[in-house]
Amino acid sequence: MRPLDGLVVLEMGQYIAAPYCAMMLADLGADVIKIERPGTGDPRRSYDPLIEDENGRLSGGFLSYNRNKRSVTLNLTTEEGRDVYRRVASRADVIVENLRPGAVDRLGLGYEVLRQDNERLIYCAISGYGRSADHRGVYADRPAFDTAIQAMGGLMAVTGEADGPPLPTITGFADLFTAVHAAFSVLAALRGRAVTGRGTFVDQSMYDSTASLLERELMLWDFTGQERRRGVDGYAPLGSLEASDGYVALIIPTDEMWRRMCVAIDREDLLSHPKLDSVLSRAENFSSLIRPEAERWTRSRTRGEVVARFSEIGLPAGVVQTVPEIYECPHLAARAMFLDIDDAYAGPRRMIRTPALLDGYEPPLPHSAPQLGEDNEEVLRELAEATPQDLARWRRAGVI
């Protein structure tokens, strides 16, 4: 048993945000049906890295965000395709989509239409700047992609070197963070429906989600008028130290931790240094004074040795791990964070699961992403009550 067993979710998603949100719900047991355009499907199906063989092209990026789903192709530009979609939607609990604002309304498939067939429907619309008519902002009609949202949301203004240009964080960060918020909102709406019996419209904005990450920076501006800029945040001494085989990162947020570190690296003389007599002064002088002195000790030790020693004395430190190291991390393996999937086309693949461990529930099924339209017959028989004659006619007409 899984927490969301029995929940039917339709996903009209593309690229990252809606697909990742729906995948998290699928990992928790929901029956997620991905609605795609016949012939091409989600544009991410053609994104690198690609595996090409006699079966066609398979995208690693698509596999990463679309496991544990079923795929149905529907041509929503046709009247019959729209009718089939409405029939399926009338049996759904949740719809998640991230099409451009206005697209579903032009098709006659927006929330206000679909709720007439299904008053319990929870409709989650993910967009760049929001869709709610009651909270329409000045940027509502702008197209949006991850990098633009990271810029608008303030992340790029505080990411990068102090004397360098604004930089994005990892690719897709705004998409992924918004997807997590969207899944949270859907679960909240499901709880509300359990009380009221009615569904609702969930308006999930990428801009809103990303701007919310700057809670501390906005608080600092509101209270002091100080603007956080690029470079290391100076609220406490923190940063990286070079070891013999790479880097470790640490933060020294208290006087007691500072004392312990000085003892650990055999530099108790630093405790009386006039420029290191407070947390703020140590933050200001971390790069110029603390790092050079600490690295005299760390460079003769491995990352593991440094972190082990700092951990012994209660100092928060971590190895700066590479992607290959995370891929083989024994701790993540012990946490059951890896889903090892044997894809029929891509072969054995390793993915990171949705990071939710719920005692008493089964872990996610390691089921690979679907081929385009591979579940047409099964799903349409279940949810649209399609007959063999219907399916044959829809294929001939290009509806599926």
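Going letter by letter, the sequence shown gives residues 22 to 421 in the numbering used here.
Even for Gly, the Cβ is constructed at its ideal location relative to N, Cα and C.
Values in this document were obtained by computation on a predicted structure and should not be read as measured data.
Under the DSSP definition of a beta bridge, which residues are partnered with Arg370?
Per DSSP, Ile362.
Figure out for me which residue from Pro391, Gly368 and Met177 has the closest Cα to the Cα of Arg66.
Comparing C-alpha distances from Arg66 to each of Pro391, Gly368 and Met177 shows the shortest one belongs to Pro391.
DSSP bridge partner residues for Glu57 (one or two, in chain order):
For Glu57, DSSP records a beta bridge to Thr94.
Separation of Gly368 from Leu235, as counted between CA atoms
Rounded to the nearest angstrom, the two C-alpha atoms are 41 Å apart.
Is there contact here, the region 81–93 with the region 118–131, by at least three beta-carbon pairs under 8 Å?
With a cut-off of 8 Å on Cβ pairs, the region 81–93 is not in contact with the region 118–131, counting fewer than three such pairs.
Determine whether the beta carbon atoms of Asp52 and Val29 lie at a separation below 8 Å.
Contact flag set, yes.
Backbone secondary structure at Cys145 - three-state DSSP:
Reduced to three states, the DSSP call for Cys145 is strand.
What's the C-alpha gap between Pro313 and Leu262?
Cα to Cα, the separation comes out at about 9 Å.
DSSP bridge partner residues for Asp276 (one or two, in chain order):
Bridge partners of Asp276: none, in fact.
Kindly list the residues whose CB is nearer than 6 Å to the CB of Arg370, restricted to its own chain and excluding five residues on each side of it in sequence; keep chain order.
The residues are Ile362 and Asp364.
By the DSSP assignment, the alpha helix (DSSP H) with Gly102 in it spans what residues?
Taken as a continuous stretch (DSSP letters only), the alpha helix (DSSP H) holding Gly102 covers Glu100 to Ala110.
Please state if the CB of Met227 and the CB of Ile170 are separated by a distance shorter than 8 Å.
Closer than 8 Å, so yes.
Give a single yes or no on whether Tyr36 has its beta carbon closer than 7 Å to a heavy atom of the ligand HEM.
In terms of ligand content, the structure shown is empty, and the ligand HEM therefore cannot be addressed.
C-beta contact flag for Ala110 and Leu31 at 8 Å:
At a Cβ-Cβ threshold of 8 Å, Ala110 and Leu31 count as neighbours.
Less than 8 Å between the beta carbons of Asn89 and His388, yes or no?
Taking 8 Å as the Cβ cut-off, Asn89 and His388 qualify as a contacting pair.
My parser needs the beta strand (DSSP E) runs of 3 or more residues fully inside the region 168–236; what are they?
Within the region 168–236, the complete beta strand (DSSP E) runs of at least 3 residues are 221–226.
Given 8 Å as the limit, is there contact between the region 283–297 and the region 193–210, that is, 3 or more CB pairs closer than that?
Note that the region 283–297 does not touch the region 193–210; fewer than 3 beta-carbon pairs, one per stretch, sit closer than 8 Å.
Between the alpha carbons of Ala203 and Arg317, how many angstroms are there, rounded?
One C-alpha to the other measures close to 47 Å.
Could you check if Arg225 is buried or exposed, using at least 16 other CB atoms within 10 Å of its CB as the buried criterion?
Note that residue 225 is Gln in the sequence shown, not Arg. Per the 10 Å Cβ criterion, buried.
Going straight from the alpha carbon of Arg121 to that of Val420, what length do you get?
Going by the C-alpha atoms only, they are around 22 Å apart.
Runs of 4 residues minimum, wholly inside the region 27–56: which ones carry the alpha helix (DSSP H) assignment?
List check, alpha helix (DSSP H) in window: 38–48.
Helix, strand or coil at Ile347 according to DSSP, with G and I counted as helix:
In this structure, Ile347 counts as helix in the three-state DSSP scheme.
By DSSP, does Ile311 sit in helix, in strand, or in coil?
Note: Ile311 maps to helix in three-state DSSP.
Unbroken alpha helix (DSSP H) run spanning Glu326, endpoints:
Glu326 -> alpha helix (DSSP H) spans Arg324 to Glu333.
CA-CA distance, Asn222 and Arg303?
The question names Asn, but residue 222 in the sequence shown is Phe. Taken atom to atom, the span from the alpha-carbon of Phe222 to that of Arg303 is near 49 Å.
If we ignore side chains and look at the alpha-carbon of each, how far apart do Leu297 and Val340 end up?
Rounded to the nearest angstrom, the two C-alpha atoms are 25 Å apart.
Report the residue from Asp26, Tyr36 and Gln35 whose alpha carbon sits nearest the alpha carbon of Ala47.
Closest by alpha carbon: Asp26.
With distances taken between CB atoms, is the gap from Gly252 to Glu182 smaller than 8 Å?
Yes, the Cβ-Cβ distance between Gly252 and Glu182 is below 8 Å.
Nearest neighbour of Thr168, chosen from Arg157, Val159, Lys55 and Pro187 [CA to CA]
Distance from the Cα of Thr168 is smallest, within the candidate group Arg157, Val159, Lys55 and Pro187, for Pro187.
Alpha carbon to alpha carbon, how far is Phe244 from Arg237?
Roughly 10 Å separates the two Cα atoms.
In angstroms, rounded to a whole number, what distance separates the CA positions of Ala418 and Asn397?
Near 15 Å, if we compare the C-alpha coordinates of Asn397 and Ala418.
Tyr132 by DSSP, collapsed to three states: which one?
Note: Tyr132 maps to helix in three-state DSSP.
DSSP beta-bridge partners for Ala270?
Answer is Ser261 and Gly339, bridged to Ala270.
Here's the rule: buried if 16 or more other CB atoms are within 10 angstroms of the residue's CB, otherwise exposed. What is Asp11?
No answer is possible for residue 11: the residues shown for the chain start at 22 and end at 421.
Among the residues of its own chain, which have a CB less than 7 Å from the CB of Gln410, if the five just before and after it don't count?
Apart from the 5 residues on each side of it in sequence, Gln410 has no Cβ closer than 7 Å to any other Cβ in its chain.
Three-state secondary structure assigned by DSSP to Glu383:
DSSP places Glu383 in coil when its eight states are reduced to three.
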